[in-house]
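Asks: Please find one structure pasted underneath; my questions will follow.
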Amino acid sequence: MKNVLAIFSLLITSSLFSQNKTFTVAGKIEGLESQPIRMYYKDNAGKTVSDSALVKNESFTYSRKIDKMEMISLWPPNESVMKRVDGGYFPAKSSQLQFIAFPGAKVKFSGKITDFVDAYPSGDPANNDLAKLNKAVYPLMNESVNLSVKIAKNQYVDSAEMKAMLEKADALDKKVDNIKKEFIKNNPSSYASAWLLGDMMLRSQVTEGEAFSLYDKLNKQKLSTNSFFIEVVKRVEGARATAIGKPAPEIISKNTYGGNKFDLASLKGKYVILDFWGTWCGPCISGMPKMKEYLDKYRSKMEIVGVAQESDDGTRWKQFLDKNTNYQWHQVLSRPDEDFILKYSVAGFPTKIIIDPQGMIVARFVGEDDAIYTKLDELFK
C-alpha cells in the first residue's frame, strides 16, 4: 500500500511539475482572420522551430512547455499588416503579437488589427510592462515602416518629397529609440527592461556608452536570475572585454568544419581576422572573395577565423563550406553552449575583428567595409 501511495504521489508531483513548465497564451482580437497564427522559436539546441495556432471567431489559444523566460512573437495571418514590397516585405515589430512567456504564464491578448497589430498582452507584471511599452511605440513604428514601404514602391516621388519622407522616418525611429531608453530608465526592475536593453544592443540602437549607462541603472538584485538579464550581462561583459586594446577572449571549440578542436591562442604570433558571419547573410558572403584575396596576399602574416551563427544545426553552414572550398580557412560554428557571438558582443553581420600577434584587439569593423583592408595594408606595409 505504501508503495502504491508513493507511486501515486510521484505521479501527482510529476504532473504538477509538467503543468508548471507550460505557458498558455490566448486572445480575442478584433479583426483577426480565421487562419493559423505563425510563430518561430529556438529549441534548446539553438535550432529554429516553427509552430502555429488555429484562429476561430477572432480567438486563439496556444500552449507549450518552456524552461525559462522567453520573448515570443506571433505573426497574425492578416495581409493588412504585411508591409510588402517587390521581392519581399519589411519585418516590422508592429506587425506582430509580442509577449513574454515563462513557465506557468497565462497571457491574454486584447485589441484590434488595423494596418498594424494594435493588440497587447496582459496577465502578469512582465507582460503588463511590455504592453505599456508597445502601446507607446507600435503606432510610431507602423508610421515609419509605412513611409519605408511608400518609398520602396513609388518610383516617381520627386527628390524633395523623398528627402522629406526619409527625414520623417528617421525622426520617428529616433523617437521610438528615445521612448525605449526612457522606459528602461523608468522601469529598472522590469523583466521587459532587461529584454529591451539586450535587444537594443543587438540591433545597435544604443551606443556602447548608452548601453553601459542603462545597464548600470538596472536593478541587478531583482533581475539577477532572470534569463534576459543574464544575457544582457554577457553582452555588456563581451562589449567591455572586446574593446580596442583588450586581449581577445578565448575561442576554444570542437564545433569546427573539420571536426578538430580549435584554440584561438594557437594562432598567436600572427595577425588574426575574426570574421563573424552566417550563410543567411548576403553581405557576409559577398565579402568572402576579398577576404580570400587578402589571405593569399598576406598568408605568412595573417590567419582568418570564421565564426558562424546559424539557426539550424549547422547543416547549411557545412554544405556551404563543402561547396566553397576557397573559404575553408579556420571555421567555427557558434552554438548556444558556446556562444561566441554573445561573448564578443556581435550586434551586426558581418563583424570583423583584427587581433595582433600578441592576442590584443586592434580594430573592429561592422558591415562589409573596405576600411578593414586599408587597415591591413597599413599594418603590413
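So the sequence shown is numbered by our numbering: it starts at 86 and just counts up by one.
Ideal placement from N, C-alpha and C gives every residue a C-beta, glycine not left out.
(1) Any C-beta of chain C sitting closer than 7 Å to the C-beta of residue 181?
(2) With C-beta atoms as the reference, is residue 198 less than 7 Å away from residue 117?
(3) DSSP three-state call for residue 444: helix, strand or coil?
(4) How close, in whole Å, do the beta carbons of residue 313 and residue 188 come, if the pair is a contact with beta carbons under 8 Å?
(5) Would you mind giving the Cβ-Cβ distance between residue 186 and residue 194, rounded to the nearest angstrom? I have them listed as a contact below 8 Å.
(6) When you compare the stretch 282-290 with the stretch 423-440, are there three or more beta-carbon pairs, one atom per stretch, that lie closer than 8 Å?
(7) Suppose contacts are defined by Cβ-Cβ distances below 7 Å. Is residue 179 in contact with residue 201 by that definition?
(8) Got a sec, what are the start and stop residues for the beta strand (DSSP E) residue 107 sits in?
(9) Do you know offhand how far residue 28's Cα is from residue 365's?
(10) Nearest to residue 342 by CA position, among 299, 348, 383, 416, is which residue?
(11) Give every residue of the same chain whose Cβ lies closer than 8 Å to the Cβ of residue 134, excluding the five residues on either side of it in the sequence, and list them in chain order.
(12) Considering only residues of the same chain and omitting the five flanking positions on each side of residue 120, which have a CB-CB separation below 8 Å?
(13) Any contact between the stretch 259-276 and the stretch 211-231? By contact I mean 3 or more CB pairs, one from each, below 8 Å.
(14) Determine the DSSP secondary structure at residue 336, reduced to helix, strand or coil.
(15) Between the C-alpha atoms of residue 386 and residue 465, what's the straight-line distance to the nearest angstrom?
(16) Using DSSP with H/G/I as helix, E/B as strand and the rest coil, what is residue 328?
(17) Quick check on the burial criterion: 16 or more other C-beta atoms within 10 angstroms. Buried or exposed for residue 247?
(18) Sort out for me which residues DSSP pairs residue 360 with in a bridge.
(19) Could you pull the start and end residues of the beta strand (DSSP E) that residue 452 belongs to?
(20) Spell out the partners DSSP gives residue 204 in its beta bridges.
(21) Any idea which residues DSSP pairs residue 136 with across the strands?
(22) Would you report the Cα separation of residue 265 and residue 166, rounded to the nearest angstrom?
(23) To which residues does DSSP link residue 254 through a beta bridge?
(24) For residue 421 and residue 210, I'd like the C-alpha separation in whole angstroms.
(25) By DSSP, does residue 230 sit in helix, in strand, or in coil?
(26) For residue 183, verify whether its CB is less than 6 Å away from any heavy atom of the ligand COA.
(27) Assuming residue 276 contacts residue 154 (C-beta within less than 8 Å), just tell me the rounded distance between them.
(28) Looking at the structure shown, is residue 463 part of a helix, part of a strand, or coil, going by DSSP?
(29) Determine which residues share a DSSP beta bridge with residue 468 and list them.
(30) By DSSP, does residue 418 sit in helix, in strand, or in coil?
(31) Relative to the alpha-carbon of residue 320, which residue among 436, 297, 374 has its alpha-carbon at the smallest distance?
(32) Check the C-beta distance from residue 324 over to residue 293 and give it rounded, since I have them as a contact under 8 Å.
(33) Grab me the residues of residue 451's own chain with a C-beta within less than 6 Å of its C-beta, minus the 5 sequence neighbours each way, in chain order.
(34) Given that a residue counts as buried once 16 or more other Cβ atoms are within 10 Å of its Cβ, and exposed if not, what is residue 468?
(35) Does residue 287 come out as helix, strand or coil in the three-state DSSP assignment?
(36) Which word fits residue 103, buried or exposed, when buried means at least 16 other C-beta atoms lie within 10 angstroms of its C-beta?
Replies: Judging by the given coordinates:
(1) Among the chains in the structure shown there is no chain C, since it carries only a single protein chain.
(2) Closer than 7 Å, so yes.
(3) coil
(4) Actually they do not touch by this definition, with Cβ atoms about 15 Å apart.
(5) That pair is no contact at about 12 Å.
(6) Short answer: they touch.
(7) yes
(8) 107-115
(9) A query on residue 28 cannot be resolved here, the shown segment of the chain reaching from 86 to 466 and no further.
(10) 416
(11) 125, 126, 127, 128
(12) 140, 162
(13) The stretch 259-276 vs the stretch 211-231: in contact.
(14) coil
(15) 8 Å
(16) Coil, per DSSP.
(17) Under a 10 Å Cβ-count criterion, residue 247 is classified as exposed, with fewer than 16 other Cβ atoms of the shown protein chains found around its own Cβ.
(18) In the DSSP output, where bridge partners are listed per residue, residue 360 has 391, 437.
(19) It is not in any beta strand (DSSP E) - residue 452 carries neither H nor E in the DSSP assignment.
(20) 196
(21) Paired residue(s): 124.
(22) 23 Å
(23) Among the bridge pairs identified by DSSP, residue 254 is matched with none.
(24) 28 Å
(25) Residue 230: helix per DSSP, three-state reduction.
(26) Questions concerning the ligand COA fall outside what the structure shown contains, since it holds no ligand whatsoever.
(27) 7 Å
(28) In this structure, residue 463 counts as helix in the three-state DSSP scheme.
(29) Examination of residue 468 is not possible in this model, given that the chain is present from 86 through 466 alone.
(30) strand
(31) 297
(32) 6 Å
(33) 433, 436
(34) The first residue shown for the chain is 86 and the last is 466, placing residue 468 beyond what the model contains.
(35) helix
(36) Unreliable positioning characterises residue 103 in this predicted model, as indicated by a pLDDT of 43, which lies under 50. A coordinate reading is not provided.
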